[in-house]
Structure formats: structure tokens, C-alpha cells
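2 protein chains.
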Amino acid sequence: MSKLDESLLSGLPPFSRLGRPQIREILDLAVPRRYDTGSAIFREGAEAERFYLLLDGVIRVIRTTPTGEQIIALHIAPGQLFGIAPALQRDTYPATAMAAADCVALSWPVRLWHGFTAKYDGFATESYRTVGERLGEMQTRIVELATKAVEQRVAAALLRMANQTGRKTEEGIEITFPITRQNISDMTGTTLHTVSRLLSAWEKEGLVKSTRKHVVVTAPHRLMMLCGAVD
Amino acid sequence: MSKLDESLLSGLPPFSRLGRPQIREILDLAVPRRYDTGSAIFREGAEAERFYLLLDGVIRVIRTTPTGEQIIALHIAPGQLFGIAPALQRDTYPATAMAAADCVALSWPVRLWHGFTAKYDGFATESYRTVGERLGEMQTRIVELATKAVEQRVAAALLRMANQTGRKTEEGIEITFPITRQNISDMTGTTLHTVSRLLSAWEKEGLVKSTRKHVVVTAPHRLMMLCGAVD
DNA sequence: CGAGTCCTTGAGGTGAGTCAACTCGTGTGG
DNA sequence: CCACACGAGTTGACTCACCTCAAGGACTCG
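Residue numbers (the UniProt record's numbering), protein chains in the order written: chain A, 1 to 231; chain B, 1 to 231.
Pasting the structure below:
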């Protein structure tokens, strides 16, 4: 098996302050793996054995209710750590991580976490920054869910995805991973029907373009108006 | 000014592994203060200058939307750290902390945070456990808001408060701090009218007793049925 | 070409928000 | 000590945004 190249990590925040030899050490301990679209990397409630770094693809973090509904807590973009339960002293994963597109991720056994934070300058700092950002994002979502109407929530969800993992094209900002109306409704606590109606209406007004499993935001500023500012 | 007694901290998780001399050091750096009901300890967006430990009372963590609505993100019970923005590498507070009852809290300047985590065994660990728990709680709330009907959300909110800060009495579990219908609606993303109707109905059925700014859960198990299990 | 997803659109019902009017309890000030 | 004001809570009537139910169309893959 060929060695992983150091350039994989050198630009990423948790590792940016480290030298090549240190990155080499870390890489030599990592297990790389590919995950097909739709497969689970780990499941809610399972023992937290490893923590992960996403190199490519998109991860969808999902929580399931006792009654079987599922809601999408957040998406994770390449370059981010995930499954960092150990950082929070948890021994099980709080949610399921699923590959929203084909993904490649590195992983390490949790027992290395403590050593990483102690040994590598900036690793702990940057990891906790990530946690802080996610916490902030979750607070924002709580506020949205509690105060905004469905239309605004869907608009906000689209914009968030466009910002986090979007790619600029001449048509607008394209959401780079496959996404169904059902997925969007799982993010916003509504139904696929309502999402479908909204997207249809927005398409007529030229705010978005969508095809099967694929959305492009063509007029982000106008969408932003819709969701009552913020984010 | 009389010195703070070491017993204030010795039982609390973040400090439980420390010896008396270490606790003495920490206390000598702390600034104790009293906060009247309704006053703000710090405000959303303000520069994070200090972090806090609640000794007595209850803190309400609030986020305000651009349109002026406010929602209650969580409550904090005595013995917990709060305003720990520095732990997450934030330089501003992500939400407002308000005294839901008369409170007493210690605080330290953020520049000490790093030293605390480095010097005191268990401090970092326990602090991050707290963060992890709050993150989990927020996820649960997102799921609730997204999937549950208003009735279930209100039931869940009451139970959560009863669990976290409730006191057992012969009548049932009493929520120990003043709480209005408006407050409850701010937690659950509904209106004070709806909460009022629900509480009235529940009172008739013997699930709760409530007076002005005061709620006692008399039949927690039956409430739990209502909210469709979980928490 | 058939089966499985994914998406669309209509019709109808309803949970919970809005509007409005009133009561009750508490604290304040003349 | 009364009255008055204000905040908190109650309750009814109305309305509408969104869900549910239902049917059918379109794309994709084996």
C-alpha cells in the first residue's frame, strides 16, 4: 500500500501549524477508507472507537427519532474532523454519519486523541474551534426552527448548503452533492411535498434551478431576502 | 472582604480532582457576584472577557432574532460552568445569559482559561464533557422542534426543566425558578396562548399544578407518555 | 421495458397561530 | 389603605399555513 502524501493534511486547520515530520507521524497512524454514497461511517449510539477526517465528499449527520423519522443535523465538508466524540468525553457517537456522496476519510483510534492534543500544537485549539462553530450553527438552527415559517427555513437551509459546500458556476451556486426534496425536508422539519412546491415556485421566479437530486441557487441575494436576513 | 470557602468548589466536577491548595488558588482569582432576577450576566455578541461558574440560582441562555423574537436555548443549574466561549476559541459570546432567578456566580478573566486547563487535572476534561452534554441536548431539541407537535414539545420542555433543576415535593416535582407561559413558549417555539391552553388542560387532568410563574409536575410519567418517550 | 426512486400537483382538513376581550394577583404611590 | 396600573394568565372565535391523502408523471438503472 502506498503511503499517504503529506500534502493531504498540511493545509488543514488542525494541522496547519505542524511540520512535515509531525504530519508524517500522524499520517502513518491513519487508516484511509472510501465510503459509497448512502453508506454509514458510524451509527448513533455505537461505541466511539475512532475519529475521522473527511478528505473528499460530504457527510450527512443524522439523528433518528424513536418513531423512525430522521432529521439531518448538519453537513460536513472536506477538510473537517468529524466523529470527535472523544473530544467531548463521550464514549458513544451522538448521531449517525452517512456519506451523502462518495467519500474518502482518514480515521484514527480514539486512544490517540489525547496524545494528539497534547503533542501537536494547535490541534486541540482548532478542533475545539470546530466544535464551537457547530454549536453556533446548531443554535442558529434551533432559533430558525422555533421562530421562522417553513418557507424561510427552507431558504435558509439552501443558503447554508450553498455557502458550506457550494461551487460557483455561471448559473449560480451549485450544491455539489446529491440532495432530494426528502433530504431538504428532513433538514427543515417539513414534508417533501412542501419543499417540492416551494422549489417549483422559486424556479418559476428564477431563484433556483433544480433537477433530480440536484439544486443550483441562481439568485442567492433574493433567497436571502426571503429568509429574513441572518445566518 | 472575607475569603471564599473552599467547599464551594470541592464537590463540583471540574474541580473534584483537585487538592485544597489548588482550589484555594483558583478561588483567590475568582470574582464573586450577585445578579438580580432578570439581569443580564453577559450579552450575545459582546466580547468574551470572562467565564463563569454558577453557584446558586438559574441562568437562562437566550438568543434573539433580528426581528426581536427571543428563544431560550437552555437553562443552567448551579455547579455548572457557563460563558465558556474561550473553550471553543470564540472571542464573543454566542448568546445572552440572564438570571432566571436571583443568582450568585464566580467569574474569571478568560486569559486564565488556558492556564486552568493546562495546570489543573480534570478541569479541561470536565469542561469539555459539559460542552458535549450541551451539544447533545441541543441536538435533541432540534429533533424535537423538527418532528414533534407543539403539545409534545411543551411536555418535553417541562420534563427537562423538572429533571435539571426540579425539587421533589409531596405534590410532585417542582420547578424551582420563576417561569411564565411566555418563557415556556420561548423555549418551544410556540405562543403563550397555546401554552396556557395546554397547562389548563393538563391541570384539569391532574398532570401539573400551576400558579403564577410557578409550575409543579405532578405526574411526570404521564407527561412522558404525552411527549412520545425519550430524552 | 419494467421496477424503483424521485418529483409534481390538486383537494381537503386541521393544529395552532392571531385577534380580542376579560380576569386575577401583585406591587406602588398618592 | 385604597385605587390603580401593569404584568400574567385565561378563553373564545376566526383563519390560514402547512400537513395529509391521493394520483400520476418522469427519470434511471438493471
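We put the CB at the ideal spot given by N, CA and C, even for glycine. Quick caveat, the model's predicted, so the values are computed rather than measured.
In this structure, the beta-carbon distance from B/Ala95 to B/Ala73 falls below 7 Å. Taking C-beta separations shorter than 7 Å and ignoring five residues to either side along the sequence, the partners of B/Phe82 in its chain run Tyr52, Leu54, Ile59, Ile76 and Ala97, following chain order. Listed by position along chain A, the residues whose Cβ is nearer than 7 Å to that of B/Pro32 form an empty set, because the closest Cβ is around 27 Å away.
A contact between stretches requires three or more CB pairs, one per stretch, nearer than 8 Å, and the stretch 210-225 of chain A fails this requirement with the stretch 9-22 of chain B. Per DSSP, the continuous beta strand (DSSP E) segment holding A/Thr96 begins and ends at Thr96 to Ala99. Cβ neighbours of A/Gln164 within its own chain (closer than 8 Å, five residues either side excluded): His75 and Ala77.
Annotation: A/Cys103 to A/Gly38 spans about 10 Å, alpha carbon to alpha carbon. Here the stretch 116-125 of chain A does not lie against the stretch 137-153 of chain A, with fewer than 3 beta-carbon pairs under 8 Å apart. Looking only at B/Leu88, B/Leu18 and B/Glu170, the smallest Cα-Cα distance to B/Ala48 is reached by B/Leu88. In the displayed model, B/Ala155 falls within a helix according to three-state DSSP. In the three-state DSSP reduction, A/Gly115 falls in the helix class (H, G or I).
Residues of chain A with a Cβ closer than 9 Å to the Cβ of B/Ile142 are, in chain order, Arg63, Ile71, Ala73, Met138, Arg141, Ile142, Leu145 and Gly189.
Here A/Lys148 is buried, its C-beta having at least 16 other C-beta atoms within 10 Å. At a cut-off of 7 Å between beta-carbon atoms, B/Val131 makes contact with chain A.
Neighbours of B/Ala149 in chain A, taken as residues at a C-beta separation under 9 Å, are lacking, since the least C-beta distance is about 11 Å. Per the coordinates, the alpha-carbon of B/Trp202 lies some 13 Å from the alpha-carbon of B/Leu159. Sequence-distant Cβ neighbours of B/Trp108 in its own chain, meaning closer than 7 Å and more than five residues away, are Leu29, Ala30, Arg50 and Phe51. Looking at the DSSP output, A/Pro109 sits in a beta bridge with A/Arg50. For a cut-off of 8 Å, the C-beta gap from A/Arg90 to B/Gly132 is around 5 Å, short enough to register as a contact. By the criterion of a C-beta distance shorter than 6 Å, B/Ser185 is surrounded in its chain by Thr191, Leu192 and Val195, once the five residues flanking it on both sides are discounted. Shown here, B/Asp56 sits in a strand according to DSSP, grouped into three states.
Residues of the stretch 79-93 of chain B with a C-beta atom less than 8 Å from some C-beta of chain A are Ala85, Ala87, Leu88, Gln89 and Arg90, listed in chain order.
Residue pairing from DSSP places A/Arg167 in a beta bridge opposite A/Glu174. Relative to B/Gln22, the option among B/Glu44, B/Thr64 and B/Thr117 whose CA is nearest is B/Thr117.
Assignment of beta strand (DSSP E) within the stretch 171-227 of chain B, counting only whole runs of 3 or more residues, yields 173-175, 208-211 and 214-217 in chain order. Secondary structure note for A/Tyr128: its alpha helix (DSSP H) is the uninterrupted segment Phe123 to Thr147. It is roughly 43 Å from the alpha-carbon of A/Tyr93 to the alpha-carbon of B/Lys3. Annotated three-state conformation of A/Gln70 is strand, per DSSP. Put simply, of B/Arg17, B/Leu199, B/Lys168 and B/Gly166 the residue whose alpha carbon is nearest the alpha carbon of B/Thr180 is B/Leu199. Per DSSP, A/Pro21 is one residue of the alpha helix (DSSP H) stretching across Arg20 to Leu29. Close CB contacts of A/Glu144 within its chain, under the 7 Å cut and outside five residues either way in sequence, are with Arg153 and Ala156 (chain order). If you look at A/Phe42, you'll find it in the beta strand (DSSP E) that goes Ala40 to Phe42. Sequence-distant Cβ neighbours of A/Leu207 in its own chain, meaning closer than 7 Å and more than five residues away, are Thr218, Ala219, Arg222 and Leu223. Taking 7 Å as the cut-off, the beta carbon of A/Ile71 is found no closer than this to the beta carbon of B/Ala99. For B/Ser7, the uninterrupted alpha helix (DSSP H) segment begins and ends at Ser7 to Ser10. Closer than 7 Å to the CB of A/Leu135 there is at least one CB belonging to chain B.
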